[in-house]
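A short write-up of the structure that comes next.
Okay, structure coming up:
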């Protein structure tokens, strides 16, 4: 709408300019006519001077006037003392000397300003030269051959400008609106993808007097593929944090798919190795997406506090301030039937787990430095163990935002905190 | 990010300089496109000057190796810097997929 208004205004402005130009061209024609008249008068004056054997150095004065609105001309010839040699005609009143102010005088020509601003009269003092009009100047325009050329040039430019406007109207604006439409569609797609991602993560965390869980997700500007799920079933706390490579709609779709699989299979107590294998197969069965996924799967038996986990190429989980010892396993979606294994450990009471995606460690500041694993461990060490999981998550996110400063967040940030009471 | 591809004695040498992140991945993918769809390639990546690789960068490397191997070719990686090596290790790629010298 704004664009249309701007173009409308431009077209109106150029129309006004075109009208103005047409007026200028007509002025130039009038000037040409005046020149012809003046030549005739000059001839007459020359004869008169010859007849009277007058002083050949006498100044003659020719005035012409363009009345601002009427655009008619009149002229008058005088001797230096003010005697009118050739009375003006087409003049609505006789010129008086006070109407004429000298502006410039040299040996050959001087300029008179008639009636203040209305026009200039350029006169030529002649010795042997014919009377010659050098130019007419009204308060805005000087017309001479050069000026005529300039006006033609301006006219051509104006024509080109109008042509561009027309092109803009019929071609650029539709092209632009197509681009805008496309952008809007992309935005909508992004919204859908974001919505999918938000639906793919657990919102309500299991509550139990033996454990506390909280997690949060801060998506990057374009959608990334971070997911997490957490559920409690038959004394077993199940949790998963993953990162689907690539961004956009396809990643969001795969992410949603994985999230559903994780949710349903974990609820059905599929073993972690079987679940990892299932996800691996799912990704490889959809090769058109060319996607892989890093995945951390874990279960904690709330009765025995036995922690079993399977890490498929995911970041290192922090358990009680230290990285979980682990044998790196391949990310899911690369090698078919990869034999995923789980590891086990016993968690002491009051244990705290921090799971996250690479958006945390690869969070970068404006200087390009990474937040990194070392800083993460230092941050964890500085926290109060009495903090709630929710507080830990929000504080870490704030620390990451602080560290990043004005730099752009390039990847999703997902954080999950688990406390065994 | 700069990718250089050299043909030498029937081998293809690829070196990557700089960072392979979200912003430069598309450029990298375009650069290695000539290596896809060819039979029996012998490709060697020199990553001595690669400072960082994101998950998208990994994806391109993985797809490329899958394509090359599916066409009877070989792909090896050498001179991996510490930080990139760590990414290959954590993702299990150095142990189970990529051929790293």
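Protein chains in written order, with the numbering used here: chain Y, 1 to 421; chain D, 1001 to 1101.
Each residue gets a CB set at the ideal place from its N, CA and C atoms; glycine is no exception.
It should be emphasised that the depicted structure is a prediction, and the values quoted were computed from it without experimental measurement.
Nearest-angstrom Cα separation, counted from residue j out to residue i
i	j	result
residue 251/Y	residue 313/Y	18 Å
residue 423/Y	residue 343/Y	Past the boundaries of the shown model lies residue 423/Y; chain Y is included only from 1 to 421, so the question cannot be answered.
residue 199/Y	residue 216/Y	13 Å
residue 187/Y	residue 1030/D	25 Å
residue 3/Y	residue 189/Y	25 Å
residue 1072/D	residue 402/Y	49 Å
residue 1084/D	residue 371/Y	16 Å
residue 1070/D	residue 1078/D	21 Å
residue 385/Y	residue 410/Y	30 Å
residue 326/Y	residue 176/Y	54 Å
residue 320/Y	residue 352/Y	5 Å
residue 269/Y	residue 309/Y	14 Å
residue 1006/D	residue 1028/D	15 Å
residue 1010/D	residue 230/Y	52 Å
residue 1053/D	residue 350/Y	37 Å
residue 390/Y	residue 209/Y	16 Å
residue 258/Y	residue 249/Y	14 Å
residue 364/Y	residue 404/Y	5 Å
residue 281/Y	residue 1032/D	27 Å
residue 165/Y	residue 1043/D	54 Å
residue 299/Y	residue 192/Y	31 Å
residue 140/Y	residue 154/Y	The pLDDT assigned to residue 140/Y is 38, lower than 50, so where the model puts this residue is not dependable; a value taken from the coordinates is nonetheless given after this. Going by the C-alpha atoms only, they are around 15 Å apart.
Three-state secondary structure (DSSP) of residue i
i	result
residue 362/Y	coil
residue 1075/D	strand
residue 1001/D	coil
residue 1046/D	strand
residue 1023/D	coil
residue 1039/D	coil
residue 332/Y	strand
residue 313/Y	strand
residue 299/Y	strand
residue 392/Y	helix
residue 1015/D	strand
residue 341/Y	coil
Classification of residue i by the beta-carbon crowding that lies within 10 angstroms, buried from 16 upward
i	result
residue 415/Y	buried
residue 207/Y	exposed
residue 1045/D	buried
residue 1075/D	buried
residue 1092/D	buried
residue 104/Y	Here residue 104/Y scores only 34 on pLDDT, less than 50, and its place in the model is too uncertain to base an answer on.
residue 255/Y	buried
residue 311/Y	buried
residue 184/Y	exposed
residue 420/Y	buried
residue 240/Y	buried
residue 296/Y	buried
residue 348/Y	exposed
residue 1059/D	buried
residue 6/Y	exposed
residue 1008/D	exposed
Pull out every residue of the region 307 to 319 of chain Y whose Cβ sits closer than 9 Å to any Cβ of chain D, in chain order. 311, 312, 313, 314, 315, 316
At which residue ranges does the region 215 to 245 of chain Y contain complete alpha helix (DSSP H) runs of 4 or more residues, listed in the order of the chain? none
Which full runs of the alpha helix (DSSP H) of 4+ residues lie inside the region 251 to 296 of chain Y, going along the chain? 272 to 284
Listed in chain order, which residues of the region 237 to 255 of chain Y have Cβ atoms closer than 7 Å to some Cβ of chain D? 243, 245, 246
The region 329 to 348 of chain Y: which residues have C-beta closer than 8 Å to a C-beta of chain D, in chain order? 329, 330, 331, 334, 335, 338
So if I threshold CB-CB distances at 7 Å, which residues from the region 1059 to 1074 of chain D count as touching chain Y? 1059, 1062, 1063
Of the residues that make up the region 1021 to 1036 of chain D, which ones have a beta carbon closer than 9 Å to any beta carbon in chain Y? 1021, 1022, 1023
Closer than 8 Å between beta carbons: that is the criterion. Which residues of the region 272 to 295 of chain Y meet it against chain D? 290, 291, 292, 294
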